Amino acid sequence: MLTSYAAPALTAGAAGVLTGQRDLAVAACTSIAGTSAVVAFLVGTWLRRGGQPRRWTLTAPRVVLTAVLVITTVAAAALLGWFTAHWLPMHTPVPAAPWLERLRVDLPVSAALATAIVTLRWRATTTAPSA
């Protein structure tokens with residue numbers, strides 16, 4: 005999980021510093037890396053399910069499994085990003101701010117990358133049960 009946080013924080017943070025985008029440098033260590041770490045942990049835990057993976061996750065083609073999980077996590081992250089950026093300021097005392105708008109992009113992109121990497125790596129280390 006440390007790698008899931010550190011890799012996006014370093015890469016996006018370096019890009020933000022090199023291009024002079026202070027908001028990207030800050031988001032790299034918060035919404036981008038944080039989302040990546042949380043999603044990697046949740047997807048990895050779900051795939052392992054206490055050391056007993058689900059049968060269909062072992063038998064489905066790698067690309068199909070990865071696509072299904074990426075679509076699911078991206079949809080959830082996009083909904084959370086929308087909720088945080090739009091619904092929250094309209095219905096709570098939290099004021100609308102530019103950093104809230106970043107969440108609409110940061111969360112789904114981070115979720116997609118973390119899910120794809122974790123799923124592909126997990127699947128490469130597991131074998132399908134014999135029939």
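Each residue of the sequence shown is one higher than the last, beginning at 5 in my numbering.
Beta carbons: idealized from backbone N, C-alpha and C, even for Gly.
As the structure is a prediction and not an experimental result, all values here were calculated from the model.
Which of helix, strand or coil does DSSP assign to residue i?
i	result
ALA5	Just to set this straight, residue 5 is Met in the shown sequence, not Ala. MET5 falls in the coil class under three-state DSSP.
THR96	coil
ALA64	coil
THR130	coil
ARG26	helix
PRO102	helix
PRO12	helix
ARG53	coil
ARG59	helix
Residue i to residue j, Cα distance in whole Å?
i	j	result
LEU6	THR49	15 angstroms
ALA100	ALA89	7 angstroms
THR33	TYR9	According to the sequence shown, residue 33 is Cys rather than Thr. Using only the alpha carbons, I get a separation of about 8 angstroms.
LEU124	PRO12	17 angstroms
PRO93	ALA115	23 angstroms
LEU73	VAL109	18 angstroms
When we look at the beta-carbon of residue i and count the other beta-carbons within 10 Å, is it buried (16 or more) or exposed?
i	result
GLY85	buried
LEU28	buried
THR61	buried
GLY24	exposed
Which whole-angstrom value describes the C-beta separation of residue i and residue j, a residue pair presumed to lie in contact below a C-beta threshold of 8 angstroms?
i	j	result
VAL47	THR70	Not a contact, Cβ separation roughly 10 angstroms.
VAL43	THR119	6 angstroms
THR39	LEU111	5 angstroms
ARG127	ALA31	Contact doesn't hold; Cβ gap of about 30 angstroms is too wide.
ILE36	ALA19	Incorrect: roughly 10 angstroms between the Cβ atoms, too far for contact.
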